[in-house]
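Input: a single structure, listed below in structure tokens.
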Amino acid sequence: MEQIKNERLLSAIKLVLKELRAKSGLTQEQVANNIRINKDLAIHIGRNETGNQNMTVSTLFELCEYYKEPISEFFKRVEEVDKRLKI
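Numbering (my numbering), first residue to last: 1 to 87.
This is the structure:
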């Protein structure tokens, strides 16, 4: 089954994730090591931050918990970024 991609939404998610990680002062690899979902998470985080890959809800939830960002607030931020990208 082919996945549907909303490129603008992926870009907004990517930007918010980068912002949260930058705010924490950590690298992608450090975040992956701290979360320890699996050994490929650093690569996965990198792909998510470049917008080249759809993210699973589980991974997104883990990242939000790690950054202490309520998922509802995360999506509010994504929505704000998405609105800016429309312009």
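Each residue gets a CB set at the ideal place from its N, CA and C atoms; glycine is no exception.
Same chain, Cβ closer than 8 Å to residue i, neighbours up to 5 away in sequence not counted
i	result
N34	L26 and Y66
K5	N54
Integer-rounded CB distance, given that residue j should sit under 8 Å from residue i
i	j	result
A12	V78	5 Å
L15	V57	Not a contact, Cβ separation roughly 19 Å.
L60	R8	Not quite, the Cβ-Cβ distance comes to about 17 Å (not below 8 Å), so this is no contact.
Residue i, DSSP secondary structure in three states
i	result
L20	helix
T27	coil
I13	helix
K163	The chain is shown only over 1 to 87; residue 163 falls outside these bounds and no answer can be derived.
N54	coil
I87	coil
K5	coil
Below-7 Å beta-carbon distance, residue i vs any chain C residue
i	result
R84	Although the question refers to chain C, the structure presented lacks it and comprises just one protein chain.
Own chain residues within Cβ distance below 6 Å of residue i, not counting five before or after
i	result
F74	C64
Beta-carbon proximity list for residue i, same chain, < 7 Å, skipping 5 on both sides
i	result
L20	Y67 and E69
S24	Y67
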